[in-house]
Structures are given as structure tokens and as C-alpha cells.
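Residue numbers (my numbering): 58 to 249.
Note that CB positions come from ideal geometry on N, CA and C, so glycine has one too.
Let me begin by presenting the structure, written as C-alpha cells, before commenting on it.
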């Protein structure tokens with residue numbers, strides 16, 4: 058459509074990836090020059106193949122699997138475009154918080170949280186409402202993350218974006234903390 062054919066005079070976005078890709082995240086990634094239209098088209102082809110197997114993954118999530126692309130930026134933009142806040146606490150504060158609540162969740166819950174890349178990163182206290190848990194995850198858009206957060210926090214939770222690297226570090230911290238032995242009574246262990 059040329060400007061003279063556009064009665065509103067609003068900018069017209071030109072797209073060259075497949076017309077049935079209705080993915081605002083892809084459009085945003087292209088506009089920020091984080092991916093190109095070839096990346097979108099390649100992910101779209103993979104999505105079509107996966108769709109025949111029953112997968113409903115969005116194109117942007119398939120692009121995040123491409124090792125040539127920056128998955129952290131893709132997930133961050135996707136979370137932002139879907140209205141999720143970003144965890145703003147420092148790395149050290151997050152580690153301290155995780156260490157302080159390790160016993161709050163069962164071994165099975167921690168395993169599930171680790172498998173989905175979800176980690177508790179804080180709480181929101183209120184006199185009017187029950188404590189709300191804040192969970193960080195690199196992909197707060199996945200349904201399973203919401204269900205797991207709900208199961209772990211009695212329906213009072215909020216998911217926020219947290220980089221994949223930080224999620225992995227915090228999950229490792231959880232399992233390292235859980236593996237620590239209780240303090241000894243001062244005696245040296247016997248060595249055979």
C-alpha cells in the first residue's frame with residue numbers, strides 16, 4: 058500500500074516473512090534488528106513441521122532454540138511484549154533469598170521447578186492479602202510455569218522474567234544448599 062492509498066497516513070509495516078505468522082514478538086525482534094526475516098522464516102518452517110506433530114509453540118520460542126541467536130534477548134523481549142515484569146533484585150540478594158527458603162519447598166517441588174526453569178525470587182507482603190510469591194523464569198509465558206507456581210504457592214503468585222543464566226545459577230544454588238551437611242559438633246570425621 059503506498060502512502061496515497063493509505064487514507065490514515067499511518068506508517069505501513071512491510072513484512073516479508075510468511076503472512077500467516079502472526080507473531081508480534083517476531084515483528085519486534087526484527088524491528089530491533091536482533092533477528093532477520095530469514096531467521097523468522099526458518100523458525101516458521103520448523104514450526105510447521107512441529108505443528109504436524111501437535112506442537113503449538115510460537116515462532117519466537119523456536120527461534121530461541123537457534124544457537125546462532127541470543128536466546129536471552131528473545132525471551133526478555135517476549136516477556137516484555139506479554140506484559141511481564143523483570144526481576145530487579147541483585148544477584149547476591151537472589152542467592153541469599155533462595156538459600157533462606159530452600160526448606161520451604163519439597164524435593165519434588167524443587168525438581169519440578171528446576172526442570173521448568175522456575176525459581177522463587179521473593180515475596181510480596183500485604184496486610185490485606187495473603188503473601189504472594191514471586192517466581193523468576195526465563196519464559197513466564199508457558200502455561201506449565203503458571204501451574205507449577207500455583208501449586209507451590211497456594212494460588213498467590215506472580216511470574217517475572219529472569220535471565221536463563223541467572224535461573225540456572227539459582228537452581229544450582231538450591232541443590233548445592235540442599236546437599237550441604239548439617240554443621241558438625243566439632244569432631245573431625247574418621248578417615249579410613
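**Asked** Helix or strand or just coil, what does DSSP make of residue 192?
**Response** For the purposes of this step, residue 192 is identified with residue 135 of the chain shown, where counting begins at 1. Assignment of residue 192 by DSSP, reduced to helix, strand and coil, places it in the strand class.
**Neighbour flag for residue 208 against chain D, beta carbons, 7 Å** = Looking at the structure shown, chain D is missing, and only one protein chain is on hand.
**Request:** Please report how far the alpha carbon of residue 164 lies from the alpha carbon of residue 109, in whole angstroms.
**Result:** Taking the chain shown and counting its residues from 1, one reaches residue 164 at position 107. Taking the chain shown and counting its residues from 1, one reaches residue 109 at position 52. Going by the C-alpha atoms only, they are around 36 Å apart.
**Prompt:** Between 194, 213, 209, which lies nearest to residue 225 when the distance is taken from Cα to Cα?
**Reply:** The residue you call residue 225 lines up with position 168 of the chain shown. The candidate whose alpha carbon is nearest that of residue 225 is 194.
**Secondary structure of residue 218, DSSP reduced to three states** = What you label residue 218 is simply residue 161 of the chain shown in a count that begins at 1. In this structure, residue 218 counts as strand in the three-state DSSP scheme.
**Prompt:** When burial is assigned at 16 or more other CB atoms within 10 Å of the CB, is residue 157 buried or exposed?
**Reply:** As a first step, residue 157 must be located in the chain shown, where it is residue number 100. By the neighbour-count rule (16 or more Cβ atoms within 10 Å), residue 157 is not buried but exposed.
**Message:** Quick check on the burial criterion: 16 or more other C-beta atoms within 10 angstroms. Buried or exposed for residue 223?
**Reply:** The sequence position of residue 223 within the chain shown is 166, counting from 1. Under this definition residue 223 is a buried residue.
**Request:** Going by CA-CA distance only, name the one from 229, 111, 215 that's closest to residue 187.
**Result:** Position 130 of the chain shown, counted from the first residue, corresponds to residue 187. The shortest CA-to-CA distance from residue 187 to any of 229, 111, 215 is the one to 215.
**Request:** Report the option in 130, 154, 138, 191 whose CA atom is closest to the CA atom of residue 90.
**Result:** Here the question's residue 90 lines up with position 33 in the chain shown. Checking every option, the nearest Cα to that of residue 90 belongs to 130.
**Request:** Give the single residue among 121, 160, 140 whose Cα lies nearest to the Cα of residue 100.
**Result:** As a working note, residue 100 is residue 43 in the chain shown. The residue with the shortest Cα to Cα distance from residue 100 is 121.
**Message:** Below 6 Å, is the gap between the Cβ of residue 139 and the nearest heavy atom of the ligand ATP?
**Reply:** Among the components modelled here there is no ligand, and therefore nothing to report on the ligand ATP.
**Asked** Quick one: what does DSSP say residue 238 is sitting in, helix, strand or coil?
**Response** For this step, residue 238 is matched to residue 181 along the chain shown. Annotation note: pLDDT 39 at residue 238 (below 50); position unreliable, coordinate value reported separately. If DSSP states are grouped into helix, strand and coil, residue 238 belongs with coil.
**Request:** Check whether the Cβ atoms of residue 85 and residue 138 lie closer than 7 Å to each other.
**Result:** Translated into positions along the chain shown, residue 85 becomes position 28. Translated into positions along the chain shown, residue 138 becomes position 81. Yes. Within cutoff.
**Message:** Assuming residue 31 is part of the alpha helix (DSSP H), what are its boundary residues?
**Reply:** An answer regarding residue 31 cannot be provided, because it is not within the stretch 58 to 249 covered by the chain.
**Prompt:** Between which two residues does the alpha helix (DSSP H) carrying residue 97 extend?
**Reply:** Sequence index remark: in the chain shown, residue 97 carries index 40 (1-based). Per DSSP, residue 97 belongs to the alpha helix (DSSP H) from 94-108.
**Item:** Separation of residue 112 from residue 56, as counted between CA atoms
**Value:** Nothing about residue 56 can be read from this structure; the chain reaches only from 58 to 249.
**Request:** Starting from the Cα of residue 141, find the closest Cα among 87, 219, 162 and give me that residue.
**Result:** The residue labelled residue 141 in the question sits at position 84 within the chain shown. Between residue 141 and the set 87, 219, 162, the nearest pair of CA atoms involves 219.
**Asked** Which residues in the same chain have their Cβ closer than 8 Å to the Cβ of residue 234, if we skip the five residues on either side of it in sequence?
**Response** Sequence index remark: in the chain shown, residue 234 carries index 177 (1-based). So the list reads 155, 156, 159, once near-sequence residues are dropped.
**Prompt:** Between which two residues does the alpha helix (DSSP H) carrying residue 171 extend?
**Reply:** Against the chain shown, residue 171 aligns to sequence position 114. Element bounds for residue 171: 164-173.
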